[in-house]
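Q: If you read the sequence shown in the numbering used here, its first letter stands for residue -6, the second for the next number, and so on.
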Amino acid sequence: MTRILVTGAAGFIGSHVAHKLLDRGDEVLGLDNVNDYYDPTLKEARLARLTGRAGFRFVRMDVADREGMAEFFRREKPSRVIHLAAQAGVRYSLVNPHAYVDANVVGFVNILEGCRHAQIEQLTYASTSSVYGANTAMPFSVHQNVDHPLTLYAASKKANELMAHTYSHLFGLPTTGLRFFTVYGPWGRPDMALFLFTKAILEGRPIDVFNEGRMQRDFTYVDDIAEGVVRATDRTAAGDPAWSGDAPDPSTSRAPYRLYNIGNNQPVQLMHMIGVLERELGMEARKNLLPMQPGDVPATFADVDDLVRDCGFKPATSIETGVANFVRWYRDYYKV
């Protein structure tokens, strides 16, 4: 049994990761501040499913609480850390930038310091496909430079990758950053497209379709994301002896530092996803076609070759299967 800290345990991805760890017999320390960025009752419902399970303990705390986090690490001494707590959302970063600095920058420093002093075996943390920003070469590769973020959310996650490298270099802390691509599925976030579309269609309201539907997303099912997180956590990051400062590879280092994409490696047209959803709901959506929003990108597409090579895993859940599972969960949870 390994004691693993999962921050953001009441969140969408965090709760799925916690269940996967518990299923195989790990001890899971869940930590979350259960804030009101979206409906806290959904977060509490996710937690309720975890708190009844053997091997799970929960602490309600904000990762931005410097003294609280330091004391937590001193007291609990986890072996490995999966850091998924963050202020998420691309569009929300346009109106509440300070939330991203507090949670994603200050909070991440507190995690790094806790891992450093507790001599953690491995830190695995969530990054995002949003770091690719203005990049247009497809598929997005971890070997590309990502120096042109389009939102503060993306910039805060790029900062996490840079901060992790300094701790890997200075203190030998093994760190692995995972760039998630458009995660969806049961127990999902209410601010994301699939959830918003499902709610609106069932209530007879039109859905807002940005860029007039000419978007492609590498939709990735949450179970695939969770499997990738666990596999990356099991693999302690190591330095790359072939790394060269003359031609620096952004995804590796001489330090114990790695970056991976976790995406379905199969972009889907937004209008196709909507069509699948309409079939599952048995209802046609009224579409409000809108222009591209600030901070959005027209397409995402993950190169996952490094993940497959190093972790032996490739996400493969089809959009048809994933949307069907989500709709089944939504109808059951909301009694629709």
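Note that CB positions come from ideal geometry on N, CA and C, so glycine has one too.
Quick caveat: nothing in here was measured; it's all calculated off a predicted structure.
With respect to the beta strand (DSSP E) encompassing Phe51, which residues constitute its N-terminal and C-terminal limits?
A: Its beta strand (DSSP E) spans residues 49 to 53.
Q: Who are the Cβ neighbours of Arg42 in its own chain at under 8 Å, not counting the five residues just before and after it?
A: Within the same chain, Arg42 has close Cβ partners Ser8, His12.
Q: Near Gly126, which residues of its chain fall below 7 Å by C-beta distance, leaving aside the five closest residues on each side in sequence?
A: So the qualifying residues of the chain are Val139, His141, Pro142, Leu143, Ala147.
Q: So what does DSSP say about Leu171, is it helix, strand or coil?
A: It is a strand residue.
Q: Which value, in whole angstroms, describes the spacing of the CA atoms of Ile200 and Val261?
A: Each residue's alpha carbon lies about 18 Å from the other.
Q: Are the CB atoms of Tyr118 and Gly170 nearer to each other than 8 Å?
A: Contact: yes.
Q: Could you pull the start and end residues of the alpha helix (DSSP H) that Ala148 belongs to?
A: 145 to 164 is the span of the alpha helix (DSSP H), which, as asked, contains Ala148.
Q: Assign Leu77 to buried or exposed, taking buried as 16 or more other Cβ atoms, counted over all protein chains shown, within 10 Å of its Cβ.
A: By the 10 Å Cβ count, Leu77 comes out buried.
Q: With a CB to CB cut of under 7 Å and the five nearest residues on each side skipped, what residues in its chain are close to Ile218?
A: Cβ within range, chain order: Ile6, Phe173, Val176, Ile255.
Q: Which word fits Asp296, buried or exposed, when buried means at least 16 other C-beta atoms lie within 10 angstroms of its C-beta?
A: Result: buried.
Q: Where do the ends of the beta strand (DSSP E) carrying His76 lie?
A: Segment 73 to 76, the beta strand (DSSP E) holding His76.
Q: Could you tell me the distance, in whole angstroms, from the CA atom of Gly48 to the CA atom of Leu(-2)?
A: So the alpha carbons of these two residues sit roughly 12 Å apart.
Q: Taking the CB atoms as reference points, tell me whether Phe51 and Ala111 lie closer together than 8 Å.
A: Result no, Cβ atoms of Phe51 and Ala111 do not sit closer than 8 Å.
Q: By a C-beta neighbour count over all protein chains shown, 10 Å radius and 16 as the cutoff for buried, is Lys70 buried or exposed?
A: Looking at its Cβ environment, which holds fewer than 16 other Cβ atoms inside 10 Å, Lys70 is exposed.
Q: DSSP on Asp16, reduced to helix/strand/coil?
A: Helix.
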